[in-house]
Structure formats: structure tokens, C-alpha cells
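K.L.:
Have a look at this one.
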């Protein structure tokens, strides 16, 4: 462990690049290694550093930014040197210590959210003022209103995306249909060139995909992919930059429309969940930083803690709107997204989900001209007409399908990760990413055309509810079953596979289709486009599920239970389980979107459980894989097995940069300039400048210190600011706190002091150095902490533990 | 607040009566009030004490059990008196302080569970030994096996109860039917006396009810009621005595069979949930204390923390078996029962639920002779043949039904609470309780007979699927619709109300039935019998829901949407929402038990939400009401509003009885004899006997101290016990720790000392005196704590906070 530790404690790397280059070599007149430093002497220079900011950190190991000899080390607290004990020591340069971690150095700088409510004096003053029954009722009512708004607006956005995709796709495919019909070489030898529709198809794929990929790449790269991993990380407490901005929402919406219309192997469901999260974050804050507009409402909800709950509701509303599945949406939030949970939250989340589905249903009913105002549910994946039944002897088959799904899913995840690693290494340029998306789109079109051209799978008309039955080389009363699979959006294909009557496809068709789509979807997820992974995964599963049923039926023609639609559904569930590794929410979503009865829940869950268990043996679900690949410091549910048997003192970072309860403005300014931590213990009972030996009396955040400096909240001018300073002063700059660069030099205020007692959080969570890591993890996780102080028996600081300490080892 | 505080800190009243009489007056030679006690001087004697133990506590306020002048008070720590500082101070009597709370004094003594894992040295040793990958995998596999066993066995018990009730009820009602047919006075004037079947009916009700009530009253009173409040309290962390014993299970099973067969207005669902919890607790521990049998398996799961998770799974399996609703069961656990939650737990709970439903289905299929092995779900409340549809304009009607349900439910809860209070006051004798149950049963039978006799509601035969169509005074091809309602179990009546075709009942019949059943069910819940409240509540709701539809249809005969079954279902949902105040799980359970489609989830949830909101305006759900009435110290999800704005120092108990890290056996023995707390801070750096001024270094439980004394784990004989002492030594006596009375007098060991450093939990959670109560509550709740230490800036003890401090004010 010790080789990871150097002398600045990088607990939370700032995302501000200018801050990360700390300490800057030119500001360091004398750089000498610390020698009297207890167990930190056996350090090695960190090796795996890369990138600008990290380079400069690791390049400056062992630095102390002071001309004074360092007087730190908890093992010698009794030797009191003759240092200045009075408050006015701001002429001495502060002492900093640097710690870099090999893992952290090569990863992006994700900060954490402050889920812990900082209950400082200002906050408690506000609480006391609002102690009336009425205020708390009002806050409750407003919270409900916000959740209802989230449901409505998320549904409206989902509707818009839905309708636009449907309209554009319908036009695209009917145009292509006409073109095929016109150019098909008839049997009488009349002229016709199928290259023309192929080129049209290419064009109609390339243009939207290129547009969408360019938007994502050049305007807002965070919108790439489904957005679920990002939302999940956010809810876990990681600040993903720009994840909940309005611009992100706009790019994501346009991106998903263009990608789906362009015919990429992806779905619109994941992005809708992200859209719900953005809507929730936007509405709940009552202001938009993008449009520099503050509506001056919902001010009480402007902190990470409240925002998180709303984002959870928004995610659930998004799922509900995407699938028309309110219970599924709520369960999805619980199972996949929520890291924290309480009964009221589940309850509000459910209401947002229901409102969302309801709104969606009304709008879509109106759009489809169904004016009989009967609520029928949405059934995105098509309702099964007859109740699906199963026999007990089918259970082993379902289990087998589950195992297959688990294997295929694990392989898919692994393959996809490899492809994405390849991408990251060999396609670093922006234009390359756009071109790559276009190439994948072209590949899809080409493969589809080849399949349509070479496989002669003709079926009688009238049997299949396909919208555009392409005749091609078939007889007059027949249509091409291969074209039927490709001439629609993936979602519509899932529907066909579930509901097409038995005998709609050849075995060869479906087998080839499965292979092609498996590869295509694997190549697609990870492109710089906004697309979800749910629909292609379900599609692949439905295809091989149906295929297996067809093959078995071919071998045992008397087995009448082999309803291909049923097996397509089970296959979809198994494949989804293998790729996503969700169980409860997936089964409920599938039930709600296909209208199967609750008794069919049993086979679904059997398949899902088998798939999950088998898949988990090999790797993690695709969302978690993505999170890991991006080095997002997400906290798992249980501590990693490597941490068992360790104690706090083996993972903590020390020494810690501390601030005195009453410290000089100069020290604080210098410290903020020189190190980019986000939480600083506030200490008392300090001898001279030996801050890291003080007794802990609180913790203060970087953002709070910057506000203090910006607003000049010094002791010396207290009478000016005291009357008008409240917790609102700090809340006003939420969520985009200024950087220390925006603070002017202190010049005339260099001798001023700051009294942190009313600003700091006086109740940091503290543990002992000998506490076990699993226990500390549990506390950290349950309370949603960002910093955890390790104190010794005398309440003096022994180290600090942050999110990253549980991730990298 | 201060008037609640006296000088022994009764944080957890022991359930051992002999311990509670502390300190006994005869052992107190000099009882003088403390005067130098800071802010505790303005005390008033507590007033509302009652009962033996509490009396003696409150009668001995202000006592210090010592001849020495008390030297406590954190406000004067600097005055170091000339006390002995060496270890051998066990000749001085320990100093105790008593604190009684007005509220606590009059309530039963509920202890808390130790959810927090005590990570002492022994535990960590064990962990290190088991650090291998294999052990952890093995534990995981065993955990899964236990969950599966729980599912299977719970289902088998549920089946047994189900089948016995069905068989006995069928016999009872067909006998009564024959008797009615024989004795009905025919129109030709032939003899017949309807008193005979009435008397038979009375007999067939009184005998089982009296038997069941007697069993519950005399053998195991904890089995009264549904058991859900008790399971909920247990999962919240309250040790309800005897709640998870095998004897309890046996009495509960027989109790519920007799009560339902006896015809009381109750259901078997609640008791099944309790049964699941008992099964889970029993299996997971691998031993039965009742049968003094230790199977020597699953030893690693013998602590409150693991047991809780299994009990949660058992509860879910119970719900699933009771309703045939696996998702509903899991959601029920989450919504109603679980106080703590994590993803793995939800996942295991779901598997237990599914296994349970599956087992139940197989056994019931076999029992009913359905050997086609087709899984059709259970549909306890009958499957709706056609998909239920609804129009948008019906939503306000559903909402109105919800509001009605909320009002009726709130009234029911309030009336039931009044009846139960009356009972508690005026029927204290055991025989009285049995007689009361019999009287209610007789009342039910009499009212039913009167209704059948006086209301002439004849319907043509063949329309209604009633098993025993009583002809009575009707024409030959008709049957009596009133008798049809009463001549079956309540569950079957719910089924009839859902599925009977329109026009099966007169408005008058149903109106009277609703009123009678409303009153009957209200009088029944709270009797000393094992019965659940779900079915009668659903029945009342179904009755008035159907009634409203019938009345409206009578007024507007053209309103064809008024399907009475649909409105019965909505009414049942609304009434359940009004009484139980659950939403998500209820709607899912109703969906799963009636097989309605997920699109009908929307009206169900509209009705439930309206009912819950309206009901919550008046009072709490019936389970929470019961918990409150019984003064169970259950922690709510949010801190009570009265606690807002308070800080730790306003709710803490102090001074705290502490133990030195190395203390004398005599002191510990005396202290355990004299006070009945369950957690003692372990302190260090103590001057003489001023233990409560020491620095906190851990916390130790009463049970651990007793084991130490019992096993003579002293420093002086360390070489004898050290090699063979492990965490297992302490686990062996779990869960029924011996009382201090079982420890022999120390006589020869009076000078021995105990070194707690390897036994104590070295990582107690600590907060500051100025921390806000809501924050402390959050920590307490999230970590499932039992004791929370309040320390000052120097890590010296300032007080202790326990569960009760958040409950009473």
C-alpha cells in the first residue's frame, strides 16, 4: 500500500484542469523530500502516470512547499517546538503534502457529489427558522408537484422522440420499399437494378448517422451511449461532468432520433432514461445554468442530496415512458440505479412513473387517433393475444435458454469491451469517431442487403402484419421474409419475432439474422452515438429464442408446446439477463410491455436467473463494465473482496491538509491554490502551524472556502456581512462553484482571518485507525459520504478516507 | 427534556423482571440525591409510573449506590481528586446512575436487536482465518440454500394450512347446508325448525373458536393477531420476545385454522407471513432452542444481522405463499417490512418468493388432482376471465372510490383502536379473552342467520358458482343469495364478489352485508385469536365497491361500463389502501391474485393512492397503529417532527455507566446486578473510579460481559482459556443469553480483572453533543444501531443515545 502514498493527498481530483497542476514547479522555490516522516519513508516514485495533470503531480512527489523544516508526524506529538502560537502566522508558507495513486493518476478526474448534508450553524439557523409545521408541509407539497412535473415532461419528451422516430422511419422504409418495387428485375427479364435501392438505403443511413455522430462527438461527447451507466454513477455519488444539463438533453434527443432512423442496431430506451434524469435535475433546481435563467423557485432543493432523489424519480419516469411500464420503471430505479433508498422515495418514484405512463398514453392515443379514451396500456413490444401457458417439463428448457443467454451475453460483453478498448486506442480523433459510426451503419445496410438478396425466403402474404411486405423475387402473393426483418426499426422487429405466427421464417434466415445482428449490435454499442442497448439485446435474444424453438420443432414436430413467440420472449429475457444482469425489473418490464400474465413471470425469472448466474461467472453486466472501463469510482454494494481483513490505517491517506478553526485567509488561499482536495478537516488545539496534529472539530469543503474568500467573509469585517449571510449565500452558487482562480489576490486582506466555526460541517463522520475496512465501507455506503476522517484516540486526525480508497488497490 | 432524566440510564430495559428491579432498596444503605450535577438539578420525580419493575425504578430516582461522594459531572474534569489510580480498586462500590423516562416506565420492556456486527478482536481473528476465496463462496452458497429451503418449507406450511381450512370448511358448510335443507319449513306447512341449523352453526363456530382462542391465550399470547406488526417490528430491530420460536409457529398455525374454520371475520394471510418469518429464523440458525437441538450447521449465520435478512426472506416467502404472488411478496417485504435494504438481499428475497410460489403450486395442483402439470398461477382471489378495461372518464370514479376507501379505512382503524383499548382496560383476565372471542363468533353467526332469515333475495340457480346454493324459502330453481354470501369462508366470498355476474345480489343485501361485515371485522381484529386483517378488509371493500356500482347502475341503467366485479376489485383496493396504507405491494398482489393485466395497474394505484392520502390525513395504517398502541419502539423512516431543531445533547442520557478497559470482575458483576443496560462504553485513561470521564475506546454488550463472567475469562487465568476462546464462544449462547443471575458469586475471583480489549467492539459510532437530531437519526437508522455514543471534543463520553430516545418525547 505504501508505495501508493506520496505527500499530497489527492482524495478528490478536481475536474478543473487549471487546479490539477499542483503544485506548479515554478511556484516552488525549494523542493526537498521529507525524511522524518514515519512510515512514509519507504516510498517509491509512482510509475504509471500519464497525461498532463497527473504527470505534474507525480513529477513533484516528496515536495514540501515551505522553507521551514517540516514538523509533522503523529508519532512525535509531544515534542512541542518553539513555534509561534498566536493566530497571526500567515506569513509562514503553508505546508502541503502530496499523495498520488498509481491507479488514480491515469484516470479521468471524477469528483464526488456531496450527499451528506452539511449541518453547519447557518444550516441549523435556517432549520430553526423553518421549524413551523407549515413550512415542512409546503416543502412536501412542492416536492410532490415537482415529481408530477417530472413525470409529465419526461413523458412529453419521450412522446416527441417516439413520434419523430416513427414518422421518419415509416417514410424511410416506404420510400425504400417503393424503390425496391420499381427496380426489381422481374422474371420477364425487364430492366431493373437493385443497386439503386441499395444506394438509397446507404444514403438514408449515412446522412442521419453522420449527423448524429457529429453532434455527439463535437457538441457533447457525454451523450454517447445509452446514458444509463452515467445516471447510475451519478446516483451512486459520482459527479459526471455535464451529465444533467439541458444541452446534453437536446443533443441526446437529436442523437437518438438520428441513430435509430439511420438504422443502427440500437434502441431509444436508454437515452429516454437519461432524458428523464436531466428533466428531473432541471426542474427540481428551478434554474438553468445553460440559459443563465433562475426562476427563483424550489430554492430549498438546491443541494446534491435533494437533487439525487429527483434524478432517481426522473430515471424511473424515463423507463416508464420508454417501455410503458410503471412498476418496471420503479423497480428498474431500485434495482439498477438507486444506491440509497427509503420508503418515501419509492413512493414518490412510483407516482412519477405512473404520471409519466399516463401522459404518454394520452398523447400517443391522441396521435394515433384512438379517441375512444380507453386505456389499454402501451405494450411497446406488442401484446400477446392469448395468455401464454407453459408446462412444468418446459422449465428445464427455460433454464437451458437462460444458460445460453448467460453465455452469449457474457461473450457479448467481453467482445464489446474488447472492441471499445480497440476504439479507444486506435481511433482517438474526433472525425475518426464519426467515420466509424458511418462505417458501422454502412456495414449494417450492406449485410442486410446481401441477406435479402441471397436468401430466398418467401412467405404467403396476409399472414404477417409487416407494414412494407417486399415482394422482390417472390411470387405475386408472397413477400420476402428476410426483407421484412430488416425493413423496420429494431423495436418493430422484436415485435415481429414475438408475435409472428409459426412458420414466418426459414431456419437459415433466422440463424443468419441472429449472427449478423449479434455482431452488429456489439460493434454499435460504444460508437459515438446516442443509443441504448436494450432493444438490440432483446432482438438478438428473441431471434435465437425463436430459432431454437423452430429447430426443436423441426426435430420433434409433435411438440406443440413450442410456440415460437413464447420462446422468442424467453430468449429475449435470457439474452437481456446475460447482457444487463438485471432480473426483477427486466422481468416486470417484459411482462408489462407484452401484456403476459403474472403466471408467466415464473419462466421469465427462471431464464433471467440462470442467465445472470452464468453470466456473472464470467464478467459483469454491460453497464457495470462500462463504468469500470471508464474508471468511474463507483461504490459497489459490498466492499471488494481484496479489502477484507484490512483496517482503516491500511487504506487511509495521510498526512491530511488541515485548516485551523480560525485560520489566516492567506493560508487558505495558498492552500486552495496549491492542492485540489475537496474536503479539509478543521482542527483546533493546534500548536503553531502543526495543523495536522490538531483535534478534529469539523470538516469544510473546497467550495465553501472559495465562497468565503469570494465574499470576503473574514473576522475583521464581520459586522458588514454577518447580517446578510445565510446558508443561501452558499446555495446560490450551486451547482457550479467557481474555481480558486476566480478569487482575486488577497493583497490588502492578507492579514485577515477566517473563523470557520459557522461555516464548517461540525459533525464529520469519524472512525478509528483499527476499524475494519468492510465496516468503514458499510458506513461510507449507508450514509453516502464523501470524506471520512480517521482519528486517533485523542480525536486527532490520523488520515482521511475517500471514495477512491475503496476502488483502487 | 430534563425532567425525564434521573440517575440510572435505562436505555434498554431488560425483559428479565428480576433484573429490572434495580437498584434494590435493601442494597442501598445510603440514598441521597446528587446535588453537584450540572443541568440535572432541576429534576422532578417521574409521575406516570406503573407496574412492579417500573415502580421500583421510578421510586428510586436520584439514588447513587455508593458511600463515596459522587465525583461525576463532565463540567469539572480538571479537578483531579486523590483517588486510587492503580488497578485494584474493586473494593470500592461501583457508582450507578439512574434515569427513568416517563413514557418508558409504563410500557413493556422491549429490547433491541444487535444489528451492528461487533467487530472485536475475536471477530477479526475469525475473519482473517476465513479470508480465503473458498470460504466466502461457501458461505454464499449456503446462504442461497437456506433461502431456497425457506421458500419450500414456508410453502409447505402454507399448503397444509390452506388444505386443512378448505377441507374443514367444506365439511362444515355442507353439513349446515344439509341441515338447512332438512329443517326448512316448506310452503306446504310441513314441519321444520330453522333453529336447529342455527344451533349447529353456533356449535360449529364456538368450538373451534374457543379452542383456538384458548390456545393463543394460554399457550402463546404473542400469536394473537396477524403477526405482521410483530414481524415488522422485528425487522426494524426490536426484539419481540418469542416471536420466531417453533412453538409460536405451531400455535399460530392451529390458531389460524380454528379461527377461519370457526367463521371469524379474518384471513389466513397475515399468519402465513409470520409463519414464513419463523421458518426463516429457525432454518437459518440450524438449531432449535425449543427442542434443545443443535444441528451444528449454519453456525456462521448466528447473529442478529444475518438472521434479520433471512427473516425478511421468510416474510416475503410467506406473502408469496399466502397470495400466490411472488413479485407482490418481494415488494411487500420491501415496502412494509424491510427497514434495511440492499441489492443482494432483494435478489435472494425474490428467489425465496418464487420457490415458495412454485412449491405451493405443485402441491396444490397435486391436491386438486390437476395432473396436466400446467402452471397457471394461483389466483387466490379468482382470475378475471376477460381483461378488465376502463375508460378515462372512470378515473374520477376510481379516485372517488379511493377517497371513500380512505375515509372508511381511517374510521375502521380508529374504531378498532378504540375497541382494543376498551378490551385492554376491561378484559384483563385470560378466560375473559376466550369468552370474548366466542361471543364475537356467536354474534357473527347470529347476524348472518338473521340476514338470511329476513332478507328474501332469491336468484335463479345456475348463474352463480356457489358451492352450497341454499334454497331456503326460494322457489325450486332458485337459491338464497344472502346465504350464498355467508355459507363460505371470507376468502371465497371475496372471490364471489369479484366474479359473480351482474345482478347476483339485491342492493339491500349487499348494503346490510357491508355494514355487518364492517362492524364484525372491526370487532374481530384484536381478539386473542390468530387472524389476518387482509381478507376481511378486502371483503368489506369488495362489498361496498360492488354496491356502489350497483346503485349507480340502478340510477343510470345505460352506463354499461359499470361492471360490478371491476368495481368490487377497485373497492377492495381502496379499502385495503385505507386500512393498511400500503400501495405498491397491494396493487401488485391484487394484480397477481386476480390475473388482471398490467394496464389495470393504473386504476388500482389511483384508488390506492387516493385512499392512502385521505387515510393518512386522519391516522396511521393499522399495522403502525398496532405497533404504537403496544409501545413498540419502532424507528420510523424519518425522525419525528418534534425532534427537528434539537441537538444530541438534548436527547442523550447521561451520565453513562462505563467500564474501564481493564476493570475488576467485581465491579462488572456488581454493575450487571444493579443496572440492566445492554451496552456499556469501555473507557480508558480513567482517573481512579471516575469512569464516566474516561476516553472512549469501545463498547461492550451486557451479553458479552455475562459470557465473560460465566466462562471466567479473566486476565489472571488467561493461559487456561486463551487458546480455546474464539468468537464462537460468544456465538454459542446466541440468541438466549443467560441472565446475570446464572453467574455464581465471584467469591474467590473477587480480585480478578477483566481485560476487555479483545472482547469489546472497538468501533462504536460516535457523534458530537451539538450534532442535530435528524442527522443522528439518519446515522442510527442507516446503520441499524443500538447504541450511539456522544463524545466531547476530547473523545470523552458525554452521553449515550438509544432507540428509545427517538421515540418518546
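Chains as they are written, first to last, in the numbering used here: chain A, 596 to 1404; chain B, 596 to 1404. All residues carry an ideal CB built from backbone N, CA and C; glycine is no exception.
DSSP state of residue 706 of chain A, grouped into three classes?
P.N.:
One-based indexing of the first chain puts residue 706 of chain A at position 111. Strand.
K.L.:
Residue 1377 of chain B touches chain A at which residues, Cβ-Cβ below 8 Å?
P.N.:
For this step, residue 1377 of chain B is matched to residue 782 along the second chain. Those are 1377 and 1378, listed as they occur along chain A.
K.L.:
Residue 938 of chain B versus chain A: which residues are under 8 Å apart at the beta carbon?
P.N.:
In the second chain, counting from the first residue as 1, residue 938 of chain B sits at position 343. Those are 930 and 1232, listed as they occur along chain A.
K.L.:
Excluding sequence positions up to five away, which residues of its chain have a Cβ less than 6 Å from the Cβ of residue 1183 of chain A?
P.N.:
Residue 1183 of chain A sits at position 588 when you count from the first residue of the first chain. Correct list, in chain order: 922, 923 and 926.
K.L.:
Is the Cβ of residue 1366 of chain B closer than 7 Å to any Cβ of chain A?
P.N.:
Along the second chain, read from residue 1 onward, the residue named residue 1366 of chain B stands at position 771. It does; some Cβ of chain A falls within 7 Å.
K.L.:
Out of curiosity, what's the CA-to-CA distance linking residue 1114 of chain A and residue 835 of chain A?
P.N.:
Against the first chain, residue 1114 of chain A aligns to sequence position 519. Against the first chain, residue 835 of chain A aligns to sequence position 240. Taking the straight line from one Cα to the other gives about 30 Å.
K.L.:
If you measure between the beta carbons of residue 897 of chain B and residue 1329 of chain B, is that distance less than 7 Å?
P.N.:
By 1-based counting over the second chain, the position of residue 897 of chain B is 302. By 1-based counting over the second chain, the position of residue 1329 of chain B is 734. Yes. Within cutoff.
K.L.:
Using a Cβ cut-off of 7 Å (strictly closer), state whether residue 789 of chain A contacts chain B.
P.N.:
Against the first chain, residue 789 of chain A aligns to sequence position 194. Chain B, which has no Cβ nearer than 7 Å to the Cβ of residue 789 of chain A, makes this no.
K.L.:
Can you pull the chain A residues whose beta carbon is under 8 Å from the beta carbon of residue 1200 of chain B, in chain order?
P.N.:
As a working note, residue 1200 of chain B is residue 605 in the second chain. In chain order: 921, 945 and 949.
K.L.:
Tell me which same chain residues have a C-beta within less than 6 Å of the C-beta of residue 1130 of chain A, skipping the five on either side of it?
P.N.:
If you number the first chain from 1, residue 1130 of chain A lands on position 535. Within the same chain, residue 1130 of chain A has close Cβ partners 862, 1085 and 1086.
K.L.:
If you compare alpha carbons, which of B:1240, B:1285 and B:1222 is closest to residue 1252 of chain B?
P.N.:
For this step, residue 1252 of chain B is matched to residue 657 along the second chain. For residue 1252 of chain B, the nearest C-alpha among the options comes from B:1285.
K.L.:
Going straight from the alpha carbon of residue 882 of chain A to that of residue 841 of chain A, what length do you get?
P.N.:
Here residue 882 of chain A refers to the residue found at position 287 of the first chain. Here residue 841 of chain A refers to the residue found at position 246 of the first chain. So the alpha carbons of these two residues sit roughly 11 Å apart.
K.L.:
Is the stretch 1115-1123 of chain A touching the stretch 1189-1202 of chain A in the sense that three or more CB pairs, one from each, lie closer than 8 Å?
P.N.:
Too few Cβ pairs lie closer than 8 Å, so no.
K.L.:
What do you reckon, are the CB atoms on residue 1200 of chain A and residue 949 of chain B nearer than 7 Å?
P.N.:
By 1-based counting over the first chain, the position of residue 1200 of chain A is 605. By 1-based counting over the second chain, the position of residue 949 of chain B is 354. Yes.
K.L.:
Does the stretch 705-715 of chain B come within contact of the stretch 894-908 of chain B, defined as at least 3 CB pairs closer than 8 Å?
P.N.:
The stretch 705-715 of chain B, when compared against the stretch 894-908 of chain B, does touch it at the 8 Å Cβ threshold.
K.L.:
Contact check, residue 705 of chain A vs residue 1333 of chain A under 8 Å by CB: the rounded distance?
P.N.:
Here residue 705 of chain A is taken as the residue at index 110 of the first chain, counted from 1. Here residue 1333 of chain A is taken as the residue at index 738 of the first chain, counted from 1. The Cβ separation is near 20 Å, so there is no contact.
K.L.:
What residue range is occupied by the uninterrupted beta strand (DSSP E) comprising residue 1388 of chain A?
P.N.:
Working through the first chain from its first residue, we reach residue 1388 of chain A at position 793. Segment: none, residue 1388 of chain A is in no beta strand (DSSP E) and carries neither H nor E.
K.L.:
Give a yes or no on whether the C-beta atoms belonging to residue 1281 of chain A and residue 1255 of chain A are separated by under 7 Å.
P.N.:
Sequence index remark: in the first chain, residue 1281 of chain A carries index 686 (1-based). Sequence index remark: in the first chain, residue 1255 of chain A carries index 660 (1-based). Yes. Within cutoff.
K.L.:
Between the stretch 1066-1085 of chain B and the stretch 1148-1164 of chain B, can you find at least three pairs of beta-carbon atoms closer than 8 Å?
P.N.:
No, because fewer than three Cβ pairs between the stretch 1148-1164 of chain B and the stretch 1066-1085 of chain B fall closer than 8 Å, the two stretches do not touch.
K.L.:
Can you pull the chain A neighbours of residue 1214 of chain B, defined as C-beta to C-beta under 8 Å?
P.N.:
Along the second chain, read from residue 1 onward, the residue named residue 1214 of chain B stands at position 619. In chain order: nothing, as chain A lies at least about 17 Å away.
K.L.:
Please name the residue in A:1135, A:1230, A:1362 and A:1160 whose C-alpha comes closest to that of residue 1244 of chain A.
P.N.:
Translated into the one-based positions of the first chain, residue 1244 of chain A becomes position 649. Residue 1244 of chain A has its Cα closest to that of A:1362, out of A:1135, A:1230, A:1362 and A:1160.
K.L.:
Within 10 Å of its beta-carbon, does residue 1382 of chain A have 16 or more other beta-carbons around it, so buried, or fewer, so exposed?
P.N.:
The residue labelled residue 1382 of chain A in the question sits at position 787 within the first chain. Result: buried.
K.L.:
Anything in chain A within Cβ reach of residue 1361 of chain B, meaning under 7 Å, just list it in chain order.
P.N.:
Sequence index remark: in the second chain, residue 1361 of chain B carries index 766 (1-based). What residue 1361 of chain B touches in chain A: 1361.
K.L.:
Please name the residue in B:1205, B:1221 and B:1034 whose C-alpha comes closest to that of residue 824 of chain B.
P.N.:
Looking up residue 824 of chain B in the second chain gives position 229. The shortest C-alpha separation from residue 824 of chain B is found at B:1221.
K.L.:
Could one say the Cβ of residue 1398 of chain A lies closer than 7 Å to chain B's Cβ atoms, at least one of them?
P.N.:
As a working note, residue 1398 of chain A is residue 803 in the first chain. Taking Cβ atoms only, chain B never reaches closer than 7 Å to residue 1398 of chain A, which makes this a no.
K.L.:
If we count the other Cβ atoms within 10 Å of its Cβ and call it buried at 16 or more, is residue 1162 of chain B buried or exposed?
P.N.:
The count along the second chain starts at 1 and reaches residue 1162 of chain B at position 567. So residue 1162 of chain B ends up on the buried side.
K.L.:
Roughly how many angstroms separate the alpha carbons of residue 1093 of chain A and residue 1178 of chain B, rounded to a whole number?
P.N.:
Residue 1093 of chain A sits at position 498 when you count from the first residue of the first chain. Residue 1178 of chain B sits at position 583 when you count from the first residue of the second chain. Their backbone Cα atoms lie some 32 Å apart in a straight line.
K.L.:
Can you tell which of B:1272, B:1313 and B:1323 has its C-alpha closest to the C-alpha of residue 1335 of chain B?
P.N.:
For the purposes of this step, residue 1335 of chain B is taken as residue 740 along the second chain, with counting starting at 1. When only C-alpha atoms are compared, the closest one is B:1272.
K.L.:
If we define contact as Cβ-Cβ less than 7 Å, is residue 1314 of chain A a contact residue for chain B?
P.N.:
Looking up residue 1314 of chain A in the first chain gives position 719. Output row for residue 1314 of chain A: interface = no.
K.L.:
For the 8 Å Cβ check, are there 3 or more pairs between the stretch 1200-1211 of chain A and the stretch 907-919 of chain B?
P.N.:
With the cut-off at 8 Å, the stretch 1200-1211 of chain A and the stretch 907-919 of chain B do not touch.
K.L.:
Near residue 715 of chain A, which residues of its chain fall below 7 Å by C-beta distance, leaving aside the five closest residues on each side in sequence?
P.N.:
The residue you call residue 715 of chain A lines up with position 120 of the first chain. These residues qualify, in order along the chain: 1353, 1354, 1355, 1356 and 1357.
K.L.:
Compare the beta carbon distance of residue 1046 of chain B and residue 1134 of chain B with 7 Å and say whether it is the shorter of the two.
P.N.:
The residue you call residue 1046 of chain B lines up with position 451 of the second chain. The residue you call residue 1134 of chain B lines up with position 539 of the second chain. Contact flag unset, no.
K.L.:
Taking a cut of 7 Å between CB atoms, which residues from the stretch 1333-1361 of chain B lie near chain A?
P.N.:
Answer set for the stretch 1333-1361 of chain B: 1357, 1358 and 1361.
K.L.:
Would you verify that the beta carbon of residue 1326 of chain B is, or is not, closer than 7 Å to some beta carbon of chain A?
P.N.:
Stepping through the second chain from its first residue, residue 1326 of chain B is reached at position 731. By this cut-off, residue 1326 of chain B is not an interface position.
K.L.:
Give the range of the beta strand (DSSP E) segment to which residue 711 of chain A is assigned.
P.N.:
What you label residue 711 of chain A is simply residue 116 of the first chain in a count that begins at 1. Looking at the DSSP string, residue 711 of chain A is not in any beta strand (DSSP E), and its letter there is neither H nor E.
K.L.:
Taking 7 Å as the cut-off, decide whether the C-beta atoms of residue 977 of chain A and residue 1141 of chain A are in contact.
P.N.:
Taking the first chain and counting its residues from 1, the one referred to as residue 977 of chain A is at position 382. Taking the first chain and counting its residues from 1, the one referred to as residue 1141 of chain A is at position 546. No.
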